[in-house]
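What follows is a short report on a single structure.
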């Protein structure tokens, strides 16, 4: 009987943490959607230089770009990692009111 209780308890604990992870992913998706809406509501375009390629929860690139003389550095997940190299120039769409919000040409919303 103790063994059965341990199994049930383990299942509940795993389900709880799975639920927390799902909520976190949902929140991140909403935040990204809100950011994209802000970018699309007040868009501007420039070019960015790829500083780094790395893997963190998917393939990502880190880019730097200049808006009104100020340097911005941001990261974005990409699907076509193999075709992007450090030092490459990529198109960026950003929010005029908040240039920290940006998407690259590799984002499906671009």
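Residue numbers (the working numbering): 100 to 209.
Positions of the beta carbon are idealized from the N, C-alpha and C atoms, including for glycine.
Asked, Found
"Cβ shell of residue 135 (< 6 Å), same chain only, five flanking positions each side left out", "208"
"Counted within 10 angstroms of its Cβ, other Cβ atoms place residue 110 as buried (16 or more) or exposed", "exposed"
"Which residues DSSP lists as bridging residue 154, in chain order", "158"
"Contact check, residue 138 vs residue 192, beta carbons under 7 Å", "yes"
"In chain order, each beta strand (DSSP E) run of at least 3 residues that lies wholly inside the stretch 156-209", "158-166, 169-176, 188-194, 197-203"
"Proximal residues to residue 151 (C-beta, below 8 Å), its chain only, five neighbours per side dropped", "160, 161, 185"
"Exposure of residue 165, with buried meaning 16 or more beta-carbon neighbours within 10 Å", "exposed"
"Backbone CA spacing between residue 115 and residue 105 [nearest angstrom]", "15 Å"
"Which listed residue (167, 107, 194, 149) has its alpha carbon closest to that of residue 133", "194"
"CA-to-CA distance, residue 157 to residue 112, given in whole angstroms", "27 Å"
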